[in-house]
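J.: Shown below is the structure under consideration.
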Amino acid sequence: MTILAIKETEAFFKVLDESSELLKEALSTSYLDAFIESGDNLIDGHVQVEDGRPDDKVVQQLRGLYDSVDRHRLNPETVRQGIQLAMLKAMREDDIQSNHQMTPDSIGMVMGYLVIRLVEKLNQLTILDPAVGTANLLTTIMNQLKDATHENVAAIGIDNDESLLSVADISTTLQQASVTLMHQDALGELQIPEADLVVSDLPIGYYPLDEKAKAFKTHAQSGHSYVHHLLLEQAMRYVKPGGYGVFLVPSQLFSTPESKGLLSWLQDTAYLQGLLALPKDLFTAKQAAKSILLLQRHGEGVSQADKVMIGEFPSFKDQTAFSKFIAEIVDWELNDLLKR
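The structure is reproduced here in structure tokens:
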């Protein structure tokens, strides 16, 4: 990132942060809710006042902050990173649960880099994220694709958390990204077209609706089912035959007692083309470690790659080793995955 880009991001974040702090105090609300109110104000072009709050003094302060932003000329990455900084503050101040925290930029960039060669021959691209959250991962990848391929990139994002989806709406609107957001349980029936690509940082844990889970091959034989198993199955239902799914998953995905059903489903539905463990130093505990899973839905002319890409990223701090590993992945994509 250039010095100019850093300064632009810092300036945009300052507007978001100061306006959110003003509204947090004026409305006696959380930082996250204040941020959502402020983002809506910025997009609408006026300050929402209800029952005399915020008062005239705060309204004038807010207008001054909003007037310093030409939102129609904002760079998408400036918006995304400024909002990311605001959400990091919200997560500290509001003690937001771990499943609602954002995918780190380093991981999002790697996932985007993996995707570029998989879709670069498409003139138009539709991406699905069934656990979109604040849309940080989705727009990280969309921005990379636009820069690298100049494709027309559109997306569908689904989440059942209204607050996170409100942040996603602010982010995608200010980035002028072509994203349709849907507030619903992604494990319900989705009225959406098939996507060319699915990307998602899957939430980890149990799905509480056992009867609903029984509609999925990956459901547990007893007790609650893993929501990340169900979402893998659901996501691959909505990708076109031959299309790819790129997921952030627990590194222990295939070594739990519940993985038998997952493997059985996978054998009938998709090819496991890659499983890349992220550096251990990104995670505070072994149990929290995650990997990037690359699936390809069965379809005409599609087959298992002769070599499945299995490996572990070196530390992102070791630039020489990291660059060498990325070069190996690119070579595999071009000469093994895409030349079948």
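Residue numbers are given in my numbering: position 207 of the sequence shown equals residue 984, and the series is strictly consecutive. Virtual Cβ for every residue (Gly too), placed ideally from N, Cα, C.
Could you have a look at V930 and say whether DSSP puts it in helix, strand or coil?
T.: Note: V930 maps to strand in three-state DSSP.
J.: Here's the rule: buried if 16 or more other CB atoms are within 10 angstroms of the residue's CB, otherwise exposed. What is D924?
T.: By the neighbour-count rule (16 or more Cβ atoms within 10 Å), D924 is not buried but exposed.
J.: So H1005 is in the alpha helix (DSSP H); what residue range does that whole segment cover?
T.: Start and end: V1004 to R1014.
J.: Given a threshold of 16 other Cβ atoms within 10 Å of its Cβ, counted over all protein chains shown, does K801 qualify as buried or as exposed?
T.: Under this definition K801 is a buried residue.
J.: Can you check whether the CB of D906 is closer than 7 Å to the CB of G934?
T.: Taking 7 Å as the Cβ cut-off, G934 and D906 qualify as a contacting pair.
J.: Check this for me: beta carbons of L865 and R830, under 7 Å apart or not?
T.: Not a contact, by the Cβ cut-off of 7 Å.
J.: Is the distance from the Cβ of E1110 to the Cβ of A1054 below 7 Å?
T.: Not a contact, by the Cβ cut-off of 7 Å.
J.: Quick check on I1103 - is its C-beta less than 7 Å from some C-beta in chain C?
T.: Here there is only one protein chain, and chain C is not present.
J.: Indicate the three-state DSSP secondary structure (helix, strand or coil) for V976 in the structure shown.
T.: Residue state, collapsed to three classes: strand.
J.: What is the DSSP secondary structure of G859, reduced to helix, strand or coil?
T.: It is helical.
J.: On the DSSP bridge list, what partners appear for F1024?
T.: Note: F1024 sits in a beta bridge opposite S977 and L1070.
J.: Would you check if the segment 1039 to 1047 and the segment 988 to 1000 touch, i.e. whether three or more CB-CB distances between them fall below 8 Å?
T.: Counting Cβ pairs under 8 Å, three or more are found: they touch.
J.: Specify the secondary structure class of L1039 as computed by DSSP and reduced to three states.
T.: Residue state, collapsed to three classes: helix.
J.: In angstroms, rounded to a whole number, what distance separates the CA positions of L922 and E928?
T.: So the alpha carbons of these two residues sit roughly 7 Å apart.
J.: Name the residue from K898, P881 and A788 whose alpha carbon lies nearest to the alpha carbon of G859.
T.: Among K898, P881 and A788, the Cα nearest to that of G859 belongs to A788.
J.: Out of curiosity, what's the CA-to-CA distance linking M886 and D872?
T.: Roughly 26 Å separates the two Cα atoms.
J.: What alpha helix (DSSP H) runs, 4 residues minimum, are completely inside the segment 863 to 927?
T.: Listed in chain order, the complete alpha helix (DSSP H) runs (minimum 4 residues) inside the segment 863 to 927 are 882 to 896 and 913 to 926.
J.: Could you give the DSSP three-state label for E1089: helix, strand or coil?
T.: E1089 falls in the strand class under three-state DSSP.
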